[in-house]
Amino acid sequence: MSDSRALLMKKLLAICPVCKKPIYGKDIDVNNIDITKINHWPVKYTPCHSHNGTPVHALTMYIDSNFSVRGKEVSEFLKIQRK
Ligand SMILES: [Zn+2]
C-alpha cells in the first residue's frame with residue numbers, strides 16, 4: 000500500500016447529513032477501487048448504512064480525483080434486492 004493510500008484510509012471524506020456518521024476513506028474500500036479504470040470524475044459512491052439507530056439509508060458521495068467529496072445526497076427511499 001502506498002503512503003497516499005494509507006493517508007486516504009484515515010481521511011475524513013464526509014459526515015452523513017442524516018445520521019452524522021463520519022465516512023472515512025477506509026469505509027469506501029479504496030483498496031478495492033481500481034482508480035485506473037475510472038474514466039470520469041467525480042465518481043459516485045453510495046455506502047448504505049445505519050448508525051445511531053437510524054433506518055438504513057444510502058448516502059451518495061461525489062468524489063473527485065483528489066478524493067475530496069464535492070457533493071452528497073441521501074436517498075430517502077431505498078430498495079436492495081438480493082437473490
Ligand atoms: Zn447516515
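Read left to right, the sequence shown gives residues 0 to 82 (numbering that gives the first Met the number 0).
All C-beta atoms in this analysis are idealised placements derived from N, C-alpha and C, irrespective of residue type, glycine included.
First through last residue of the alpha helix (DSSP H) which encompasses residue i
| i | result |
| --- | --- |
| residue 4 | 2–9 |
Option in the options with minimal Cα separation from residue i
| i | options | result |
| --- | --- | --- |
| residue 13 | 79, 82 and 70 | 70 |
| residue 68 | 2, 3, 51 and 21 | 21 |
For residue i, the first and last residue of its enclosing beta strand (DSSP E)
| i | result |
| --- | --- |
| residue 59 | 56–62 |
| residue 22 | 21–23 |
| residue 52 | It is not in any beta strand (DSSP E) - residue 52 carries neither H nor E in the DSSP assignment. |
| residue 82 | First-last for residue 82: undefined, no H or E at that position. |
Exposed unless 16 or more other CB atoms sit within 10 angstroms - verdict on residue i
| i | result |
| --- | --- |
| residue 66 | buried |
| residue 58 | buried |
| residue 80 | exposed |
| residue 15 | buried |
Near ligand 2: residue i beta-carbon under 7 Å from a heavy atom
| i | result |
| --- | --- |
| residue 47 | Ligands in the displayed structure: ligand 1; ligand 2 is not one of them. |
Contact check, residue i vs residue j, beta carbons under 8 Å
| i | j | result |
| --- | --- | --- |
| residue 56 | residue 73 | yes |
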